[in-house]
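Protein chains in written order, with the numbering used here: chain A, 76 to 569; chain B, -16 to 172. All C-beta atoms in this analysis are idealised placements derived from N, C-alpha and C, irrespective of residue type, glycine included. These notes are about the structure you will find just below.
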């Protein structure tokens, strides 16, 4: 939990060059690259209400302005409202005899419902909304003065959009005539389809022109109604005046006094899936059911990339080398060989970026990629790879050999004997199942007191890809040697 | 001897249920009939006597302190009268200078001794009232920033819950015996 909530001291370099903690990174196992939030397409999978957990199709959600019409938020404190039942005595329908006095009218109990906030005790009775007969009753919709104006504006702009679309389509059709494999009659005779239709006396096939609706633009006016006389002298009761938050949470009304606070429809939540921008494979896909918090595809980096944690750091002093202890954890089900290397120099880094740019260009030019991008809802824009915006202020003495890291095995926790039969390199301090602690020597470069020491290294690791790559028939897992760049913020100079 | 006298100062009216396990009642404390005190509650009459009104519900880890800044040595301090039908929920600390009727102090709330509470108020969960303040009737304190508003809703009646707890608690806890019988007045007092 700590490494999700708190700022992380270990950051990985995403393939685009941004630094991120491992918890915010994804791993595309088709490109075998780290991906951050900028390198993936975010797509809305489904809309749902987080209170009643009802799935709402996207078309319906649009119609309902992305709000649930059954659940409400408190207008006073933005908590979810709950409906509460009361029994009231309602007069029984008497058989036509209306002259009975009130005292003798038979009453029967009836359940009535009203909305209440359990946090601030706001109720729908506060603003005079009558109680409803059903629990999820048809609560009256709040009316606002500019509703008609807004619907007119919306209609107008929808027309404008449609018109522009049509014009663009027409232009495109004229610009790029269809190239058929075999020239048809119209091509040879020079007659267009519409000309033939006209000659034959048929009506024009083209869709009727969208009617241009006109709206009167808003006009500014110099006439402003006078302020009330007592505005500066009357004592105000702050309890009756809404806060900015209360006003802005209901933008169509923006009530200024608390007796105009009407329940707010709860906003819908979305489930989103993430897609790699380079290979267009899904990286994260949640289950469709709003009740489920599981994923169908979950390529989070922390399941595939060895995790580095800072365990201990000796006292940091300028010009004095010190020892740091890092823990490396193998989250995969295969053995890993890890080599710790220097960060690439500026020239090497620019080479990496060149290569990545070339690769992404090649991919976007390919026929398959263009077809895919035409079908996908979102135009795929690749994040430009760039240099890492982080200077190191210390060097690491590299360990002289690579080391093995066992696969993750949940049952080893219950084993009693931890035997290490293997000959360990000197820098390995301890090892338990899929974890290893490595001691490194850090030498802070010309630092003043109070400066933060940042060191970095490249970590090469073997990764066994169990995903069958599309196109090839190879079923057996392939082993790759991958490299991740890791930056550590180890602390401040004394 | 002072320990004995402090003990004698505790007046418990009949029909109240006070769990004896770990609950601490210090000083001149009067518990009216119908009150219900869970284990681990603390009531400390530091600067003067405390009188807890009828049908109050005091839950676990509640601390009620009567503290005006002075220590009452000669039984001359002002009396803190807590009205009837108040609810002190788990873990709240109440040092208020006056408490009316039908108030709810929600979990982990804190009310300092500069605050006076009238009737039918709610101090929301985790809210802290530190500065000098008077809560008018029907006030609700809620939220992270301890915002204040007025409610029209009346508090629900507690009688059902109290009746249930009165039956349940004696099955699992030692109950303090009533020390004061209004039918035989002036016997102890």
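- Chain-ordered, the chain B residues with CB closer than 8 Å to the CB of residue 314/A read 131, 132 and 133.
- For residue 126/B, the closest Cβ of chain A is nearer than 9 Å.
- Within its own chain, the residues whose Cβ lies closer than 6 Å to the Cβ of residue 70/B, once the five positions on either side in sequence are excluded, are 40 and 87, listed in chain order.
- Check the Cα spacing between residue 130/B and each of 348/A, 539/A, 419/A and 320/A: the tightest is with 320/A.
- Under the 9 Å criterion on CB atoms, residue 70/B is classed as non-interfacial with respect to chain A.
- With a threshold of 9 Å between beta carbons, residue 151/A makes contact with chain B.
- Excluding five sequence positions before and after residue 315/A, the CB atoms of its chain that fall closer than 7 Å to its own CB belong to 332 and 333, given in chain order.
- According to the DSSP assignment, residue 469/A belongs to the beta strand (DSSP E) that extends over 469 to 472.
- Here DSSP, grouped into helix, strand and coil, assigns residue 8/B to strand.
- In the three-state DSSP reduction, residue 162/B falls in the coil class, being neither helix nor strand.
- Of all residues in the region 194 to 225 of chain A, the ones placed with a Cβ closer than 7 Å to any Cβ belonging to chain B are 194, 195, 196, 198, 200 and 201, in chain order.
- Exclusion of the five residues before and after residue 53/B leaves 30 and 60 as the residues of its chain whose Cβ lies within less than 8 Å of its Cβ.
- Under the three-state reduction of DSSP output, residue 27/B falls in the strand class.
- Look at residue 83/B: its C-beta is not under 9 Å from any C-beta on chain A.
- Look at the beta carbons and you see the region 549 to 567 of chain A not touching the region 5 to 15 of chain B: under three pairs across the two are nearer than 8 Å.
- Excluding five sequence positions before and after residue 162/A, the CB atoms of its chain that fall closer than 8 Å to its own CB belong to 184, 185, 186 and 187, given in chain order.
- Contact between the region 513 to 529 of chain A and the region 383 to 397 of chain A is present: three or more C-beta pairs spanning the two stretches fall below 8 Å.
- At a cut-off of 9 Å between C-beta atoms, residue 136/B counts as an interface residue with respect to chain A.
- Within chain A, the residues 194 have their CB atoms less than 7 Å from the CB of residue 107/B, given in chain order.
- Uninterrupted beta strand (DSSP E) stretches at least 3 residues long and entirely within the region 136 to 206 of chain A occur at 142 to 148, 157 to 166 and 182 to 191, given in chain order.
- In this model, residue 517/A and residue 383/A are separated by some 16 Å (Cα to Cα).
- Distance from the CA atom of residue 87/A to the CA atom of residue 560/A, rounded to whole angstroms, is 6 Å.
- Straight through space, the alpha carbons of residue 403/A and residue 534/A are spaced by roughly 10 Å.
- A direct Cα-Cα distance of roughly 29 Å separates residue 433/A from residue 360/A.
- Looking from the CA of residue 227/A, the closest CA among 197/A, 291/A and 140/A belongs to 291/A.
- The Cβ-Cβ distance between residue 78/B and residue 95/B falls below 9 Å.
- Between the C-alpha atoms of residue 142/B and residue 18/B there is a straight-line separation of about 11 Å.
- Look at residue 147/B here: in three-state DSSP terms it is helix.
- With fewer than 16 other CB atoms across the displayed protein chains lying within 10 angstroms of its CB, residue 276/A is exposed.
- A straight line joining the alpha-carbon of residue 273/A with that of residue 245/A spans about 19 Å.
- Interface residue (Cβ-Cβ distance to chain B less than 9 Å): residue 318/A is classified as such.
- By the neighbour-count definition (other C-beta atoms within 10 Å, threshold 16), residue 134/A is an exposed residue.
- In this structure, residue 22/B lies away from residue -1/B, with their beta-carbon atoms at least 9 Å apart.
- Short of 7 Å from the beta carbon of residue 208/A, and not among the five residues preceding or following it, lie these beta carbons of its own chain, in chain order: 187.
- Among the residues facing chain A, residue 123/B is included, as its CB has a counterpart in that chain under 9 Å away.
- Residue 236/A: member of the alpha helix (DSSP H) spanning 222 to 250, first to last residue.
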